[in-house]
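Report on one structure; see the data block that follows.
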Amino acid sequence: MTSRRGQHLTGGIAVAGLMMLASTQAGAAPLSEELQGLLGQHPKIEASKNTVSSSDEAVNKSFAGFLPTINLTSDAGYEHVNSPARRTSPGDPYDRGRQVVSVVASQLLYDGGQTSSHYNAAKLQKTGSEYELNATQQGVLFEGISAYLNVLRQQELLRLSRTNEDNIKRQLNLEDERVRRGSGIAVDVLQAKTRLQLAKERRIAVEGALKSAIATYEQVYGHAPETGKMTVPHAPINDLPKTVAELVDIAVKEHPSIRSAAIQSQVVAEQRDAVDAEYMPRITLEAASNYENNKNTVIGERRDYTVLVKANWNLYNGGATSASAAKAAYDYAGSQNNAVYTRRKVEEQARVAWETLRTSRERVSLLQNAVNIASEVLDARRKLREAGKETALNVLDAENEVYTAAINLAAATYDARTAAFQTLLAMGRLTPAFAAVPLKTGEQADLALPVGN
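Residues -28 to -1, 1 to 425 (mature numbering (1 follows the signal peptide of the UniProt record, and there is no 0)) are what the sequence shown spells out, left to right.
Set out below in structure tokens:
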């Protein structure tokens, strides 16, 4: 049987443990450092960077359409000609070595603006790929933050679950000892065993959740977490707007998905203009130089030089151009619809993130009160127990209620932290620049939001 001092000590440890949801260690690796490493090596980000580089080369390729082209063709070898003319005079086949060299330089003068449209589309596509890279970076950053916080969350829940289980074990042993001495009630022991099984079940579930969280962490970061060196980052509450209307307004203006959708619509518009240009003639300036030696039965050297303006105008191609123009028009309409949908989706995500954050912060406030009330009830029941007016099982239930409230508070606190970063993501501001700033760590008082605010 524990002493009165021991009972108070147990309760003090419990309540203190319940409220201390985020401990830090000196020399621990902060989240910001992990995120910097993530930005430098995550395969999704690297793939998006390669897409940007590819788009840049596409710009260079399309710009080449404005520049002249120079083509060199040449052949050399043996030529044999046995034609009726040769058989008539001089009466024998033609057999000689031949050499031909031709150089043609061509400069586009007019193509209905098709080359300009291709070039503009390529530049816009590069800009769009940069927005997509930004969206990918923000998504990966949030994935990394969520994985980091989830490991800390499950560690905290496991610590509380184990402490609760150990406390029930101690009380079970005390009740078992009373029954053996004849001063206890056997059914109380059975009820305590039931509570112990439930506590073990909760602990096992949390252990499984922690293993899953670690597996996710390894997938995101490419290495296992150093759980002993992880610190709890402050949620960016002060970086968030004060109203949902302000949040939605920022998201519409800054979210990379909306910008990317708008750019894609412009790309399709340029592609439509490029198709329309196929109705126009293509005019080029061409300069050519040709050298022939012993070619086609003509003995000796021949040199030709030409400077020409050439026009090529397709008058009929089976309706292919008309079909391409209709396709481009539908593609443009589709891109406009997609831009509208993307805007609506971003607005929805912003509102959902806001409500998730608000709800989780209100839950933190309520659960903090629940922990305090449960702790007061526990103290009152202990005093009644000391006076012989309360059963040990009721005291055990009161302690279990404190731990249950504390576990719920820990979960809600991490939900609020994650929701704060999710809201930043919904705004389009969870950028690499944000990740580069070291985040504060430790307990955070402004997570709680009183109900009704």
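Glycine residues also receive a C-beta, built at the ideal position from the N, C-alpha and C atoms.
Residues sharing a beta bridge with residue i, DSSP
{"i": "residue 262", "result": "74, 276"}
{"i": "residue 66", "result": "53"}
{"i": "residue 47", "result": "72"}
{"i": "residue 282", "result": "256"}
{"i": "residue 103", "result": "In the DSSP output, where bridge partners are listed per residue, residue 103 has none listed."}
{"i": "residue 413", "result": "205"}
{"i": "residue 79", "result": "257"}
{"i": "residue 41", "result": "78"}
{"i": "residue 270", "result": "267"}
Nearest-angstrom Cβ-Cβ length linking residue i and residue j, presumed shorter than 8 angstroms
{"i": "residue 374", "j": "residue 337", "result": "At roughly 18 angstroms, the Cβ-Cβ gap does not stay under 8 angstroms, so residue 374 and residue 337 are not in contact."}
{"i": "residue 403", "j": "residue 210", "result": "Not quite, the Cβ-Cβ distance comes to about 17 angstroms (not below 8 angstroms), so this is no contact."}
{"i": "residue 220", "j": "residue 319", "result": "5 angstroms"}
{"i": "residue 168", "j": "residue 144", "result": "6 angstroms"}
{"i": "residue 235", "j": "residue 103", "result": "6 angstroms"}
Check whether residue i and residue j have beta carbons under 7 angstroms apart
{"i": "residue 274", "j": "residue 264", "result": "yes"}
{"i": "residue 227", "j": "residue 400", "result": "yes"}
{"i": "residue 407", "j": "residue 223", "result": "no"}
{"i": "residue 349", "j": "residue 370", "result": "yes"}
{"i": "residue 339", "j": "residue 384", "result": "yes"}
{"i": "residue 68", "j": "residue 267", "result": "no"}
{"i": "residue 123", "j": "residue 196", "result": "no"}
{"i": "residue 58", "j": "residue 66", "result": "yes"}
{"i": "residue 137", "j": "residue 175", "result": "yes"}
{"i": "residue 101", "j": "residue 24", "result": "yes"}
{"i": "residue 300", "j": "residue 247", "result": "yes"}
{"i": "residue 389", "j": "residue 207", "result": "yes"}
{"i": "residue 43", "j": "residue 72", "result": "no"}
Same chain only: Cβ atoms within 8 angstroms of residue i, ignoring 5 sequence neighbours per side
{"i": "residue -4", "result": "Note that residue -4 scores a pLDDT of 40, beneath 50, so its modelled location is shaky; the value from the coordinates is reported in the next line. Answer for residue -4: 200, 201, 203, listed in chain order."}
{"i": "residue 109", "result": "11, 17, 20, 403, 404"}
{"i": "residue 303", "result": "240, 243, 244"}
Beta-carbon contacts of residue i that lie in its chain and below 7 angstroms, excluding the five residues immediately before and after
{"i": "residue -14", "result": "For residue -14, the pLDDT reaches just 42, beneath the cut-off of 50, and the residue's location in the model is therefore unreliable, although a value from the coordinates is still provided. So the list reads 347, 374, once near-sequence residues are dropped."}
{"i": "residue 341", "result": "none"}
{"i": "residue 326", "result": "216, 219, 395"}
{"i": "residue 362", "result": "353, 356"}
{"i": "residue 178", "result": "126, 129, 130, 133"}
{"i": "residue 163", "result": "365"}
{"i": "residue 233", "result": "310, 311, 314"}
{"i": "residue 367", "result": "353, 354, 357"}
{"i": "residue 28", "result": "98"}
{"i": "residue 308", "result": "237"}
Start and end residues, alpha helix (DSSP H) containing residue i
{"i": "residue 297", "result": "292 to 358"}
{"i": "residue 396", "result": "364 to 399"}
{"i": "residue 22", "result": "15 to 35"}
{"i": "residue 242", "result": "228 to 248"}
Cβ-based neighbour list, residue i, same chain, cut-off 6 angstroms, excluding 5 preceding and 5 following
{"i": "residue 34", "result": "90, 91, 94"}
{"i": "residue 387", "result": "332"}
{"i": "residue 74", "result": "45, 262"}
{"i": "residue 80", "result": "256"}
{"i": "residue 254", "result": "83, 284"}
{"i": "residue 86", "result": "246, 249"}
Check: residue i C-beta below 6 angstroms from any heavy atom of the ligand MN
{"i": "residue 203", "result": "For the ligand MN, the structure offers nothing, since it holds no ligand at all."}
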